[in-house]
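Residue numbers (this note's numbering), protein chains in the order written: chain F, 6 to 280; chain G, 231 to 575.
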């Protein structure tokens, strides 16, 4: 029927094309789940929009003028990255829900790539995040966000999405450690909050105490948020001493390092969790 | 072991943690095109054996082959030959019945057209009709089981594993599912199923293996097994002080010493003549002036099988239509042995 028909001495392997097909089948299944649960889609979209409005109107007045000229233009690139990180935590809960439901057992009895369950999950979460980010940009427009141009904006969104994809693998690992959906969610927040709030997402890091500033400036969320800002508005909006080129390089490095570490760990933990 | 076997396990053992020997040196051989029923209570090791054969679990020791392929060395090829269904193989609530089955077909690496074709074929077989395009979340328990069967067959596997296919289903739908299973595998698929119901194994299986504490303790056709266990039984509950006296009477009736089910304190004898035996028992007890607390006649249940084969009742166990199962009691073979012989041929 499939793969090889050779005799018992050889050990069949899944080809990359086969694995890719499996990944797309699982991605489609996960996206269908999103579409069939409109409440989930609605609330996971409303929440980041609410963040955007709250931060813009609550903190905007205090921060604008003092440290940045136009807060919505400062905030929106940051909040795109924040939304990606929050959205990536869905990978942890989704994966643990599948494990609890027993669907995974059937998947594992099928001649499919083992990595497809994880890869399909993270890819579906990426598609959803793309939708949410596009919506955020539209809402941003309504309240005064004005990027330099469309290509710059799209490039910035792409960097945010790639970073979000890498973070999905971090949270896949967290989910597999936590094992149950509730624990996965709590564990995810432990990682999300310091990364998102001790960063340049909502405010420039210059006003933070020295030790915190050292962390905030170098941690990946700030690096990516600054990169998106630089791409969308040009080098003059960046903190002193930072250039678009160096930020792009550091963002790429973070994304590659995160994927290189968490993809193998995630797949390994997945295999262990299900056997 | 013979050459016509399509499922073969040799000396398979699996231990969980320190104390749980889930499988203890199990060897089994199942002929192509037959139905094999693995009978045992919860925790006996049935599911573990299925999980090993379905490549979900690596055994600590032993080997297994499906259609000549080594399950442990080559799980990927093994998976092209098998289908898995039953109580633990969940289906997706948010997809429709058709989407569920087609997705599984695609994951069997069928081409899109073939997956569609096979999906239509198995959906027609399980008679879901217009419900096929509804989300599974709206299905009844019986419909889910039928869809689960369709999903496990969409890849046209040589070997089908069904783990307790009717557990938790009302008795009326159970017979429907049995007939459906029979139809579905009549095309030459080999079926290995687990069950807690003797009746189910009897109805479906060509051969039955009885499993207890991870060991395969008895094997044979349903008829052979029934010969060993006997058919209909009469159970008599008595005041303790009259038990020995009654046991003598019962021996005279059945020609064999009665067994004592220590959990429920009842004496059990075979009733080869059905109600005739029951009337005999009632008459003789009455003549001797012994008033039983309770008396009943029934077909053998899983409990009777275990009482006969192992000397203890199946525990822990699930509710059973005959109501003859004692919940949550420990096996009775740890206490002092009753003065009655264990029946064994």
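Backbone N, C-alpha and C define an ideal beta-carbon position, used for all residues, glycine too.
Note that the structure is a prediction, hence the values are computed from the model and not measured.
Which one of the options has the shortest CA to CA distance from residue i?
| i | options | result |
| --- | --- | --- |
| residue 453 (chain G) | G:464, G:436, G:440 and G:444 | G:436 |
| residue 22 (chain F) | G:297, G:337 and G:264 | G:337 |
| residue 274 (chain G) | G:442, G:490 and G:468 | G:442 |
| residue 349 (chain G) | G:322, G:368, G:522 and G:379 | G:379 |
| residue 332 (chain G) | G:515, G:430, G:383 and G:292 | G:383 |
| residue 240 (chain G) | G:251, G:292, G:287 and G:262 | G:292 |
| residue 168 (chain F) | F:239, F:47 and F:94 | F:94 |
| residue 275 (chain F) | F:80, F:191 and F:104 | F:104 |
| residue 285 (chain F) | F:27, F:143, F:74 and F:79 | Residue 285 (chain F) is absent from the model: chain F starts at 6 and stops at 280. |
| residue 256 (chain G) | G:313, G:268 and G:482 | G:268 |
| residue 242 (chain F) | F:273, F:257, F:82 and F:194 | F:82 |
| residue 368 (chain G) | G:492, G:322 and G:351 | G:322 |
Can you tell me whether DSSP reads residue i as helix, strand or coil?
| i | result |
| --- | --- |
| residue 147 (chain F) | helix |
| residue 235 (chain G) | strand |
| residue 394 (chain G) | coil |
| residue 489 (chain G) | strand |
| residue 575 (chain G) | Reliability of the predicted coordinates at residue 575 (chain G) is poor, the pLDDT of 34 falling under 50, and the value obtained from them is presented with this limitation in mind. It is coil, neither helix nor strand. |
| residue 548 (chain G) | Low confidence applies to residue 548 (chain G): its pLDDT is 37, below 50, so where it sits in the model is not reliable enough to give any reading. |
| residue 20 (chain F) | coil |
| residue 28 (chain F) | helix |
| residue 251 (chain F) | helix |
| residue 204 (chain F) | coil |
| residue 263 (chain F) | helix |
| residue 303 (chain G) | coil |
| residue 117 (chain F) | coil |
| residue 473 (chain G) | helix |
| residue 133 (chain F) | helix |
| residue 558 (chain G) | Caution applies to residue 558 (chain G), whose pLDDT of 34 falls short of 50 and renders its modelled position unreliable; the model cannot decide the point. |
| residue 53 (chain F) | helix |
| residue 296 (chain G) | strand |
| residue 279 (chain F) | helix |
| residue 416 (chain G) | coil |
Check for me: the beta strand (DSSP E) holding residue i runs from which residue to which?
| i | result |
| --- | --- |
| residue 449 (chain G) | 445–450 |
| residue 316 (chain G) | 312–316 |
| residue 243 (chain F) | From DSSP, residue 243 (chain F) is part of no beta strand (DSSP E); its letter is neither H nor E. |
| residue 527 (chain G) | 524–528 |
| residue 423 (chain G) | 420–425 |
| residue 256 (chain G) | 250–261 |
| residue 266 (chain G) | 265–269 |
Can you name the residues of chain G whose CB is closer than 7 Å to the CB of residue i?
| i | result |
| --- | --- |
| residue 274 (chain F) | Here the premise fails: no neighbours, minimum Cβ distance about 17 Å. |
| residue 277 (chain F) | The premise fails here: residue 277 (chain F) is roughly 12 Å from chain G at the closest Cβ pair, so nothing lies under 7 Å. |
| residue 283 (chain F) | Residue 283 (chain F) falls outside the range modelled here, since chain F spans only 6 to 280, and no answer is possible. |
Which residues of chain G have a Cβ atom closer than 8 Å to the Cβ of residue i, listed in chain order?
| i | result |
| --- | --- |
| residue 37 (chain F) | 324, 325 and 329 |
| residue 112 (chain F) | 337 |
| residue 25 (chain F) | Those do not exist, as residue 25 (chain F) stays about 12 Å from chain G at its closest Cβ, beyond 8 Å. |
| residue 133 (chain F) | Simply none; closest approach about 14 Å. |
Check for me: the alpha helix (DSSP H) holding residue i runs from which residue to which?
| i | result |
| --- | --- |
| residue 215 (chain F) | 215–223 |
| residue 67 (chain F) | 65–68 |
| residue 352 (chain G) | 342–356 |
Using a C-beta to C-beta distance shorter than 9 Å, which residues of chain G count as neighbours of residue i?
| i | result |
| --- | --- |
| residue 30 (chain F) | 333, 336 and 337 |
Closer than 8 Å by beta-carbon distance: list the chain F residues that pair up with residue i, in chain order.
| i | result |
| --- | --- |
| residue 431 (chain G) | Result: empty, since nearest Cβ-Cβ is about 23 Å, beyond 8 Å. |
| residue 368 (chain G) | The contacting residues do not exist; residue 368 (chain G) stays about 12 Å from chain F at best. |
Applying a beta-carbon distance threshold of less than 8 Å, which residues of chain C neighbour residue i?
| i | result |
| --- | --- |
| residue 538 (chain G) | In the structure shown, chain C cannot be found, because the protein chains are F and G. |
So which residues of chain F does residue i contact, with C-beta pairs closer than 7 Å?
| i | result |
| --- | --- |
| residue 314 (chain G) | 111 and 114 |
Could you check if residue i belongs to the surroundings of the ligand PLP, using beta carbon to heavy atom distance under 7 Å?
| i | result |
| --- | --- |
| residue 111 (chain F) | Of ligands this structure carries none, so the ligand PLP is not represented either. |
Quick one: which chain F residues come within Cβ less than 9 Å of residue i?
| i | result |
| --- | --- |
| residue 284 (chain G) | 110, 113 and 114 |
Three CB pairs or more closer than 8 Å across the region 151–168 of chain F and the region 222–234 of chain F: yes
Please determine if the region 414–427 of chain G and the region 334–342 of chain G are in contact, where contact requires at least 3 C-beta pairs separated by less than 8 Å. no
Across the region 117–133 of chain F and the region 27–34 of chain F, are there enough close Cβ pairs to call them in contact, namely three or more that are closer than 8 Å? yes
Whether or not the region 131–138 of chain F and the region 80–91 of chain F are in contact is what I'm after, with contact meaning three or more pairs of Cβ atoms, one per stretch, closer than 8 Å; do they touch? yes
State whether the region 94–105 of chain F contacts the region 170–187 of chain F, with contact taken as three or more CB pairs (one from each stretch) at a distance under 8 Å. yes
Three-pair Cβ contact test at 8 Å for the region 355–375 of chain G versus the region 400–415 of chain G: Judged by Cβ distances under 8 Å, the region 355–375 of chain G makes contact with the region 400–415 of chain G, as three or more pairs qualify.
Mind the definition here: the region 144–158 of chain F touches the region 199–207 of chain F only if three or more C-beta pairs lie below 8 Å; say whether that holds. no
At a cut of 8 Å, does the region 475–483 of chain G reach the region 511–526 of chain G through at least three beta carbon pairs? yes
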